Every structure is written in C-alpha cells, then in structure tokens.
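Everything on this sheet refers to the single structure shown next.
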Amino acid sequence: MHELSIATAVVTQVEEAVRAQGGGRVVSVRLRIGELAGVVPEALRFSFGLASEGTVLAGARLDIDTVPGRARCTGCGRESDVGMPPLLWCDGCARPLEELLSGRELEIAGVVLHGPSDAPHAVNGDDRDTPEEATHVPSR
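Just so we're aligned, residue 1 is where the sequence shown starts under my numbering, counting upward by one.
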C-alpha cells in the first residue's frame, strides 16, 4: 500500500513548513491528486490518520481535490477527458491520444493551521479572508 508512504511524505513536508512558519497546529491539508496517479483516496485518508498521530497534524482534516485525466491528440489537436480506466483514443480522428495534459498530479495544494494566537491562517502566508483558499505550501 503506497498510500502510507505518500501520507508519511505529506506529514513530513507539512511539519517542515509549519516549523518554518513558527509552529502551530494543523487544521486541514488539501491535496490535488490526479485520477491517473494510482492513489486510492480512502486508503490515503486512513494512512494519513496513522501517519499524523503524535504530530502537529494529529486530528487534521484531509481534503482531496481530484484532477481529471485529460489528453491531447497530436493528430487533430482535440483535447479529451480520458476517464478511469483511461481511454486513450481520440473521438475525433481515432488516433492515439499521445500527450497527457493532466491527471498524474500528486501535490500539497494548501495547509490551514492554528498558530500561537489560535487564529487559523495559511502556511504560505496567503492573506485571503478564508484560510482554506491557501494555494500551496512552500517547497523545500
């Protein structure tokens, strides 16, 4: 089950980002996962709960945004959703869809935490009204 290694990596990276921001308790983590990435969301949620025990992420909500698989036909230029399991043939010209545009993503899209003042804020310093709108965690 590679979801456990993914969850462990997410916890490690978020903990590093939280430390860099001066600490706090993580309220939620938002991931963007492509439908072609081979990740089972339920298994990832379970693994995230295990991996986050005893960390600043303990009890945090894991939100998953699924990114649809899309590809472009190099023959006619048509873009199509490929679905799951993927259908990699162009509806327009019946040629193979050779250019994958999206669907393999696996990224941390945002983190919301309660800092020392206990007011929720985004790890990336985003100053939007709702912290859930944070768009990314600073990468290493």
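Even glycine gets a Cβ: it sits at the ideal position worked out from N, Cα and C.
What you are looking at is a predicted structure, and each value in this text was computed from that prediction instead of being measured.
Rounded to whole angstroms, how far is the Cβ of residue i from the Cβ of residue j, which I believe are closer than 8 angstroms?
i	j	result
Leu-106	Leu-97	Not a contact, Cβ separation roughly 21 angstroms.
Ile-108	Leu-44	Rounded, the Cβ-Cβ distance is 13 angstroms, inconsistent with contact.
Relative to the alpha-carbon of residue i, which residue among the options has its alpha-carbon at the smallest distance?
i	options	result
Ser-102	Asp-63, Phe-48, Val-18 and Val-82	Val-82
Pro-68	Gly-54, Leu-113, Met-84 and Leu-4	Met-84
Ser-47	Gly-22, Leu-100 and Val-11	Val-11
Val-26	Ala-94, Asp-63 and Ile-33	Asp-63
Val-40	Ala-60, His-114 and Ser-5	Ser-5
Ala-60	His-2, Leu-113 and Glu-3	Leu-113
Rounded to the nearest angstrom, what separates residue i and residue j at their Cα positions?
i	j	result
Glu-80	Cys-90	The sequence shown places Ser at residue 80, rather than the Glu named in the question. Distance between the alpha carbons of Ser-80 and Cys-90: 7 angstroms.
Glu-35	Leu-57	25 angstroms
Leu-50	Ser-28	15 angstroms
Val-111	Pro-86	31 angstroms
Glu-16	Arg-72	37 angstroms
Gln-13	Thr-55	12 angstroms
Val-18	Ala-9	14 angstroms
Ala-7	Gly-24	20 angstroms
Residues in the same chain with beta-carbon distance under 6 angstroms from residue i, minus the five sequence neighbours each way, listed in chain order, please.
i	result
Gly-92	Cys-76 and Arg-78
Glu-53	none
Asp-127	Note that Asp-127 has pLDDT 39, beneath the 50 cutoff, so the model's placement of it is unreliable and the number below is only indicative. Within the same chain, Asp-127 has no close Cβ partners at all.
Ala-37	Arg-104 and Leu-106
Identify, in the order they occur along the chain, each residue of the same chain with its Cβ nearer than 7 angstroms to the Cβ of residue i, setting aside the five sequence neighbours on each side.
i	result
Glu-99	Ala-71, Arg-72 and Thr-74
Thr-66	Ile-33 and Glu-35
Glu-3	Val-39, Val-40, Ala-43, Leu-44 and Ser-47
Within 7 angstroms: the Cβ of residue i and any heavy atom of the ligand FMN?
i	result
Pro-68	With respect to the ligand FMN, the structure offers nothing, as it holds no ligand at all.
Suppose the cutoff is 8 angstroms on Cβ atoms and the five residues either side in sequence are ignored; what does the same chain contact list for residue i look like?
i	result
Arg-95	Cys-73, Thr-74, Gly-75, Cys-76 and Trp-89
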